[in-house]
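For the record, the sequence lines run as chains U, X, F and G. Counting along the first sequence from 1, when you hit position 166 you're at 166 in full-length UniProt numbering, and nothing is skipped either side. Counting along the second sequence from 1, when you hit position 375 you're at 375 in full-length UniProt numbering, and nothing is skipped either side. Counting along the third sequence from 1, when you hit position 268 you're at 268 in full-length UniProt numbering, and nothing is skipped either side. Counting along the fourth sequence from 1, when you hit position 353 you're at 353 in full-length UniProt numbering, and nothing is skipped either side. Even for Gly, the Cβ is constructed at its ideal location relative to N, Cα and C.
Number of protein chains: 4
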Amino acid sequence: MGSGDPHMKIIHGEAGYILEDVPHFSDYIPNLLTYPNLLRSNPAYSVVKQYFVDADDTVPQKVVVHKSGPRGIHFRRAGPRQKVYFKSDDVLACIVTCGGLCPGLNTVIREIVCGLSYMYGVNKVIGIYGGYRGFYSDNTITLTPKVVNDIHKRGGTILGTSRGGHDTAKIVDSIHDRGINQVYIIGGDGTLRGASVIYEEVRRRCLKVAIAGIPKTIDNDIPVIDRSFGFDSAVEEAQRAINAAHVEAEGAENGIGVVKLMGRYSGFIAMYATLASRDVDCCLIPESPFYLEGKGGLLEFIEKTLEENGHMVIVTAEGAGQDLVTESMQVMNQKDASGNKLLQDVGLWLSHRIKDHFGRKKNTVINLKYIDPTYMIRAIPSNASDNVYCTLLAQSAVHGAMAGYTGFTAGLVNGRHTYIPFNRITESHNQVVITDRMWARLLSSTNQPSFLNPKDDNVAKKTELPIQLLDGQKDEHQSENHIATKS
Amino acid sequence: MGSGDPHMKIIHGEAGYILEDVPHFSDYIPNLLTYPNLLRSNPAYSVVKQYFVDADDTVPQKVVVHKSGPRGIHFRRAGPRQKVYFKSDDVLACIVTCGGLCPGLNTVIREIVCGLSYMYGVNKVIGIYGGYRGFYSDNTITLTPKVVNDIHKRGGTILGTSRGGHDTAKIVDSIHDRGINQVYIIGGDGTLRGASVIYEEVRRRCLKVAIAGIPKTIDNDIPVIDRSFGFDSAVEEAQRAINAAHVEAEGAENGIGVVKLMGRYSGFIAMYATLASRDVDCCLIPESPFYLEGKGGLLEFIEKTLEENGHMVIVTAEGAGQDLVTESMQVMNQKDASGNKLLQDVGLWLSHRIKDHFGRKKNTVINLKYIDPTYMIRAIPSNASDNVYCTLLAQSAVHGAMAGYTGFTAGLVNGRHTYIPFNRITESHNQVVITDRMWARLLSSTNQPSFLNPKDDNVAKKTELPIQLLDGQKDEHQSENHIATKS
Amino acid sequence: MGSGDPHMKIIHGEAGYILEDVPHFSDYIPNLLTYPNLLRSNPAYSVVKQYFVDADDTVPQKVVVHKSGPRGIHFRRAGPRQKVYFKSDDVLACIVTCGGLCPGLNTVIREIVCGLSYMYGVNKVIGIYGGYRGFYSDNTITLTPKVVNDIHKRGGTILGTSRGGHDTAKIVDSIHDRGINQVYIIGGDGTLRGASVIYEEVRRRCLKVAIAGIPKTIDNDIPVIDRSFGFDSAVEEAQRAINAAHVEAEGAENGIGVVKLMGRYSGFIAMYATLASRDVDCCLIPESPFYLEGKGGLLEFIEKTLEENGHMVIVTAEGAGQDLVTESMQVMNQKDASGNKLLQDVGLWLSHRIKDHFGRKKNTVINLKYIDPTYMIRAIPSNASDNVYCTLLAQSAVHGAMAGYTGFTAGLVNGRHTYIPFNRITESHNQVVITDRMWARLLSSTNQPSFLNPKDDNVAKKTELPIQLLDGQKDEHQSENHIATKS
Amino acid sequence: MGSGDPHMKIIHGEAGYILEDVPHFSDYIPNLLTYPNLLRSNPAYSVVKQYFVDADDTVPQKVVVHKSGPRGIHFRRAGPRQKVYFKSDDVLACIVTCGGLCPGLNTVIREIVCGLSYMYGVNKVIGIYGGYRGFYSDNTITLTPKVVNDIHKRGGTILGTSRGGHDTAKIVDSIHDRGINQVYIIGGDGTLRGASVIYEEVRRRCLKVAIAGIPKTIDNDIPVIDRSFGFDSAVEEAQRAINAAHVEAEGAENGIGVVKLMGRYSGFIAMYATLASRDVDCCLIPESPFYLEGKGGLLEFIEKTLEENGHMVIVTAEGAGQDLVTESMQVMNQKDASGNKLLQDVGLWLSHRIKDHFGRKKNTVINLKYIDPTYMIRAIPSNASDNVYCTLLAQSAVHGAMAGYTGFTAGLVNGRHTYIPFNRITESHNQVVITDRMWARLLSSTNQPSFLNPKDDNVAKKTELPIQLLDGQKDEHQSENHIATKS
């Protein structure tokens with residue numbers, strides 16, 4: 001946690017209770033007017049007593065507790081507030097989507113538009129095209145409930161997306177010039193770092209503009225939150241590729257199916273897809289190093305599995321074994337640089353190495369089929385579960401912005417919707433690792449080696465680090481989080 | 001809570017911490033031998049420090065807290081223990097499935113078998129055919145990892161199922177005579193009440209037989225736990241029916257699509273399917289009474305919607321409006337008893353009433369299509385998310401039984417796997433109602449009436465009860481639970 | 001064939017060759033101008049020599065031949081002609097969809113619009129809303145390639161549909177008043193009878209208006225043509241219901257799954273779905289009468305199957321056993337008229353009779369589940385195969401209308417696209433029966449009784465008729481047609 | 001046609017009628033006993049008069065006819081015969097699958113086993129593992145209706161498959177030694193060439209062993225027959241990849257989606273998938289050469305499409321542009337041989353060239369996503385339509401073998417099931433080209449260039465050949481065939 005952050009709001013309660021709060025207009029703008037929440041007169045809401053969220057409702061980051069442990073960090077609960085800081089007619093909201101595709105983007109867009117309109121009577125919403133750089137363009141799209149009515153049934157994002165293109169000053173100028181006072185930004189950690197800087201600049205200029213983020217990553221490697229939207233749909237769709245790999249492997253003598261799934265820094269999709277499928281013999285993830293040669297190595301395991309079952313399915317996250325891939329490439333580089341780009345693909349590299357290994361053995365002919373379903377997974381529409389999740393995230397963001405909160409992302413923490421300060425989402429990216437417990441479950445289900453019996457000391461040292469990470473993780477119980485909401 | 005239950009284990013900790021514990025062999029059998037957990041030597045588990053669950057790890061039922069509220073009820077955390085109370089070779093486990101079909105039954109069966117075998121070296125597992133009454137039959141099936149290898153890809157249950165057939169003495173005799181010492185029972189609240197009685201009888205006879213339950217209901221109306229397995233798959237599949245109703249409604253003049261979904265006492269599937277689909281104009285659930293005629297009634301809302309949009313989709317849980325259906329039937333009964341059975345179907349009844357209403361109006365011809373996808377939903381294989389969930393439930397149950405716990409169900413509480421005493425699952429069935437907050441979200445998304453503006457005093461009184469239930473619910477924050485893990 | 005039809009064009013060639021031709025503007029309008037076909041200058045078409053269809057290309061109705069049999073009836077081959085009878089700018093086309101939903105309606109609409117625009121430069125196309133009665137309304141929709149771009153991915157019809165509403169004079173007035181000169185009518189045999197009358201009136205008034213039909217029936221019971229569009233998609237989707245019935249039946253003791261599929265006068269969908277699924281034990285179709293009681297009856301077969309397999313799946317076309325259902329109803333009528341409407345549903349009736357039968361037997365408890373997936377099947381989008389088929393049908397119709405043909409439907413005959421006079425499609429509806437050979441294949445695959453061993457003479461007489469029909473069918477070899485193109 | 005083939009049976013009928021017949025035991029074995037067909041006593045078959053196929057029923061290869069053209073080539077109609085040449089108990093059948101995976105393999109296996117058992121009382125069927133080389137292994141599997149009961153719901157082949165491994169003498173020895181007298185061989189043209197040689201050797205040895213083939217190729221490039229099994233399923237599944245490419249392309253600035261589909265020598269899958277999808281802007285197939293640079297080239301078309309629409313989807317058959325790819329590789333070879341293997345993939349090559357082209361242009365940044373769904377398509381289970389088709393093919397083969405035919409493949413010709421001599425299936429492989437008419441339909445639907453405006457004379461010469469092939473094709477009308485059964 002950036003303890004030097006001047007805007008961090010830490011509130012200490014009793015018995016170790018710590019609230020990591022999000023910014024609010026009232027932090028930097030004096031004498032703001034407030035308005036009664038329109039929802040109050042919505043007949044639908046009359047069915048519920050205490051509809052509005054209490055000011056001091058919070059959600060703890062840790063749930064599993066020892067008898068008398070401290071209460072730890074809490075986040076502010078999301079939801080509608082008694083008072084709002086905007087008049088409906090005064091709101092001009094915009095939505096922008098950044099980064100790679102992910103199932104559910106269109107649902108989030110749809111529900112921000114519908115939430116603003118149906119819940120708060122806000123009818124001025126525009127879409128920024130093609131990510132951050134769309135702020136520099138005059139070309140926007142007016143978003144109404146009718147325009148977005150069916151978009152949740154389509155994959156992708158109707159707003160288009162791009163990476164980068166972040167010029168804070170130009171973006172804030174554009175926001176100001178257009179009279180936008182609510183900015184909904186959907187994107188990954190890079191995008192949200194950008195959103196954080198935009199928020200800082202907006203605050204510096206003392207603008208009453210709410211900057212609300214909705215974290216997006218198909219990899220599910222965002223800290224704090226239970227899972228990222230689209231993850232469930234991605235795991236579901238990944239089953240197809242695994243199933244195809246299994247059929248291909250079974251159909252051939254010494255058939256090996258290799259499937260590469262998303263996950264640059266974390267193996268959530270690979271791990272959950274493996275657990276859901278039951279047809280996978282080995283799952284490789286970035287957090288757990290492995291080695292190919294020698295006793296206890298992957299190649300030995302492949303030989304053993306082929307001997308016993310006659311076929312095999314390997315799932316690898318795209319970020320798995322990057323150290324090995326890089327090493328290979330450096331060796332190759334000395335001879336020839338032309339093939340590198342392709343070989344950086346761990347799936348291709350692994351396929352190549354396996355073929356190579358068995359090619360040197362005279363009496364074993366293998367049939368290896370490599371499947372990379374990445375784009376086919378990213379492009380699907382979100383499933384029912386993600387549709388509901390996206391709806392609630394969007395509504396949370398809308399409630400938060402209307403209530404004057406800013407510089408926050410909506411996020412599910414221990415099954416509750418919360419507002420989380422940007423820095424908690426963006427700062428600790430590299431520390432997100434697969435939960436030890438879940439990984440143990442997977443290992444026992446695949447019976448694959450732990451790869452902790454390294455061929456030489458050199459490897460042994462490398463493997464120490466991840467173990468420590470896993471331990472650290474254990475202490476925080478954060479890992480279990482992901483099990484929870486996924487299962 | 002049945003305070004008179006002599007076996008209830010309540011442990012009071014600091015600051016209001018209450019542990020509702022589950023029974024253990026050591027509660028009624030003295031001088032038991034224990035054995036080191038085999039998992040200790042499983043190389044896979046060496047990747048994780050502190051793999052075994054601490055004796056005092058607990059999970060709170062409430063997560064959202066006020067600054068200094070009490071800590072409330074906790075449950076024992078599920079997972080592998082340092083010591084087990086069975087030698088692998090001594091275990092003879094059996095599995096039985098009871099009640100209606102639900103996606104995921106086969107996955108649970110598969111993972112109990114594979115979990116026992118791969119994690120604990122237990123290779124004697126038998127399947128009881130056709131529910132409880134299968135205990136009286138000699139006909140069982142030997143379950144091995146090979147036998148169950150592919151069953152998770154099929155709907156239904158390979159063991160068959162039935163309702164009722166519960167004769168405690170005969171069942172415990174059968175268990176004893178066969179030498180069974182672990183009984184895994186998968187079923188709904190009736191089934192688990194049976195399991196509870198079996199456990200009591202086993203305990204009375206001082207048998208070292210673990211009775212472990214896995215709660216099953218496609219309706220998701222089990223108290224305490226976050227969601228029941230198969231629910232996610234059911235909501236996903238329900239989208240098909242809603243989509244068909246929408247297409248049919250759109251294709252015709254004044255087209256009305258009516259879809260009946262499961263949910264006798266609770267409308268979870270109807271509610272989530274509605275939220276996920278976005279094509280539904282009105283959702284009716286058992287927890288929220290409605291009325292047809294008069295101002296603010298359903299028929300008025302239908303008229304209004306047809307006038308505005310030209311078509312309409314209504315989703316009703318099977319238990320919605322049962323008071324109205326019953327009332328109708330009584331009136332009809334006086335004339336003619338033959339048609340009752342069919343009219344008890346709220347979907348048919350509603351369709352009939354709507355047609356009747358517009359039939360009396362000269363100038364509006366409606367086209368109503370009624371879809372009942374119940375069996376098509378129940379029979380699907382579980383989706384990826386439910387597959388992972390079923391796996392973890394099964395593994396939890398296996399860990400618990402091996403560790404000497406009995407008289408418990410495995411269950412997810414606030415995203416953590418726990419052991420819950422039977423009585424908590426079975427006793428409070430009728431109090432399970434839809435969460436107020438989630439229902440409010442739905443109401444604002446469909447814009448349907450709250451039906452709280454009753455046509456006469458008589459109705460007004462009826463509606464009071466549910467409101468109170470909703471309030472009570474709110475106090476416990478239990479409702480939010482369901483949002484959490486679903487979204 | 002209505003030999004009295006004054007407009008029937010029969011051309012006799014050599015060796016028994018008979019061409020049943022379709023009308024053409026030149027039949028009743030003198031001195032028409034023609035124009036070179038725009039496609040001539042389409043660079044795409046330069047790849048093909050002899051792109052335009054020869055004036056004397058014909059397609060025989062019979063394909064299987066004996067060594068020296070006659071050549072029989074032929075139809076005019078569909079496709080682009082050298083000359084067209086409209087200038088692109090002069091064309092104002094309209095499209096109307098009538099009758100029940102069927103997968104592919106939107107694809108046909110899309111491809112008429114795109115075909116007219118991309119192939120012939122015709123850009124004035126309007127959609128008539130809600131079937132024939134839409135002609136009386138001022139409310140139409142302008143159809144452009146952009147408007148229809150994505151509609152083939154949705155089920156239903158964007159134009160809406162209805163039954164009846166046919167007032168020939170008013171419709172032709174409307175066509176004339178709006179200046180429409182190409183009318184594309186998509187519908188079943190009732191609709192095409194209407195189209196035929198419209199064509200007669202248009203001809204009587206000497207209007208240069210092309211009336212082109214595209215036959216639609218999900219039942220596939222249109223004479224002459226190989227299969228109707230949407231049929232393939234329907235059979236595919238029907239598998240879901242059968243699969244669910246199978247899972248439900250397998251999961252219960254003496255489980256019986258009953259599935260009702262579309263098919264009022266013919267059992268194509270039931271038959272093909274049964275052949276595709278392999279989980280069906282008995283298939284009932286309108287063309288093949290059956291009886292319940294006594295030796296060789298359905299109930300005996302059910303008893304036998306339950307005894308051998310423990311479960312059973314029955315598929316029934318909606319029109320199967322209507323004589324029995326009607327008979328039952330008449331008996332019931334004497335007592336009570338209230339339930340009739342529901343009991344006309346053969347699926348409900350059959351379920352009732354089976355339950356009744358086993359209810360009278362003390363020692364057999366059955367679990368019967370009835371599934372009616374009709375609306376869920378009708379509402380799906382068309383699959384890939386139907387998409388291609390709809391595209392070619394639409395393009396055929398467009399080529400035909402541009403070439404001056406009228407009073408025709410597009411249709412696939414022996415795998416070739418042809419133009420067929422209306423009367424051939426509409427007149428012989430009731431003679432369409434399931435092919436003997438295909439039905440024999442099904443019988444041998446399900447091992448169900450032939451129901452030709454009737455319980456009494458009365459039934460025997462009833463069964464004679466269908467056998468004769470089958471024989472007659474055999475002589476024409478028409479039946480095989482359907483096998484062909486489906487398989 | 002190999003006129004020198006001593007076993008070719010050509011029978012000349014009246015009016016130019018030519019029957020290309022298949023071999024029969026009676027051609028080379030004297031004094032064979034025959035038996036009445038068991039099906040005669042099958043009650044199911046009593047519903048049909050003339051159930052058995054007439055000896056002189058034939059099916060013409062050409063359907064579209066001019067008024068007085070010759071009748072051309074015919075094939076023998078498939079189906080059950082009055083007499084069979086095997087006693088049920090004497091039959092020992094074997095099944096072998098060779099070559100790549102294709103949807104429907106398991107259905108064909110299932111239906112051969114069930115057809116032999118249910119129709120002919122044959123209960124000795126074995127499966128040869130892993131293609132032709134399985135004949136040398138002792139390891140076989142006994143196939144019964146129970147064993148194969150559910151296999152049609154799984155992709156792949158339960159028998160495994162391989163390429164090559166053909167040693168005629170050893171295979172025939174193995175057949176003879178095991179006492180096998182019916183051999184069912186499922187495979188592509190290489191496999192069937194092998195089957196043809198096996199038949200010749202069997203005949204040389206005067207063995208009463210029926211050699212029956214079922215042609216398999218997912219590419220659909222088998223001459224004579226309407227379509228190959230699995231093709232329909234493959235086109236359906238290909239839609240997913242195209243849809244993903246479309247979503248990815250739409251979501252990015254200048255997004256280009258490239259999808260490679262199967263089709264080494266013919267572009268059927270690419271063409272039909274393009275026609276079914278409607279989201280494709282350019283389809284490249286082996287039969288139609290293209291060029292990249294210059295006026296009318298592919299790169300120019302891409303530039304134009306991006307400018308107009310902002311995104312683009314390209315589908316390429318794997319065999320498209322192989323001359324260009326080879327040329328590129330030769331150039332590269334001179335510098336560096338390492339990357340060749342990967343670049344032979346036309347999809348990768350094309351993606352590389354497109355990126356390269358736009359990389360040289362300063363002001364256009366493109367986002368290209370390449371999808372290769374090959375293995376995901378091959379591994380799916382067959383859809384309903386293919387299930388029915390596979391069933392009929394298998395039953396045809398069984399009827400033929402029982403009736404004493406040998407050296408034949410089952411095949412659908414103009415929608416009728418026939419027996420075709422091996423040489424017709426295998427000899428003319430390279431002449432199979434996409435139908436001109438269908439290709440023209442595609443060109444007009446995508447509006448892509450015809451690539452007939454070559455950049456230089458050199459290319460012009462190359463393109464001449466295919467045009468001629470297309471013309472030749474046209475004369476035979478064979479092309480239309482494929483349209484027929486697909487649409």
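Taking 9 Å as the upper bound on Cβ-Cβ separation, chain U lies near residues Asp226 of the region 213-228 of chain X. Contact between the region 241-257 of chain U and the region 364-378 of chain U is established, with three or more Cβ pairs separated by less than 8 Å. Secondary structure of Phe86 (chain G) (DSSP, three-state): coil.
DSSP, read as helix, strand or coil, puts Lys260 (chain F) in strand. Excluding five sequence positions before and after Ala401 (chain F), the CB atoms of its chain that fall closer than 6 Å to its own CB belong to Gln182, Ala210, Ala212, given in chain order. Annotation: the continuous beta strand (DSSP E) that includes Arg416 (chain U) extends over 416-421. For the 8 Å CB-CB criterion, Ile18 (chain X) and His74 (chain X) form a contact. Counting of Cβ neighbours within 10 angstroms places Arg133 (chain U) among the buried residues, the total reaching 16 or more. With a threshold of 8 Å between beta carbons, Ile371 (chain X) makes contact with chain F. The shortest C-alpha to C-alpha distance from Leu192 (chain F) to any of F:Met271, F:Arg81, F:Arg163, F:Glu20 is the one to F:Arg163. Boundaries for Ile285 (chain U): no beta strand (DSSP E) harbours it, and the DSSP string shows neither H nor E there. Ser385 (chain X) has a beta carbon lying within less than 8 Å of a beta carbon in chain U. For Ile314 (chain G), the secondary structure class from DSSP, reduced to helix, strand or coil, is strand.
Tyr136 (chain U) is classed as exposed because its beta carbon has fewer than 16 other beta carbons within 10 Å across all chains shown.
At a cut-off of 8 Å between beta carbons, Asn42 (chain G) contacts chain F.
In this structure the region 192-204 of chain U does not lie against the region 82-94 of chain U, because fewer than three pairs of beta carbons, one per stretch, are closer than 8 Å. In chain order, Phe422 place their CB closer than 6 Å to the CB of Ser196 (chain X), counting only its own chain and leaving out the 5 sequence neighbours on each side.
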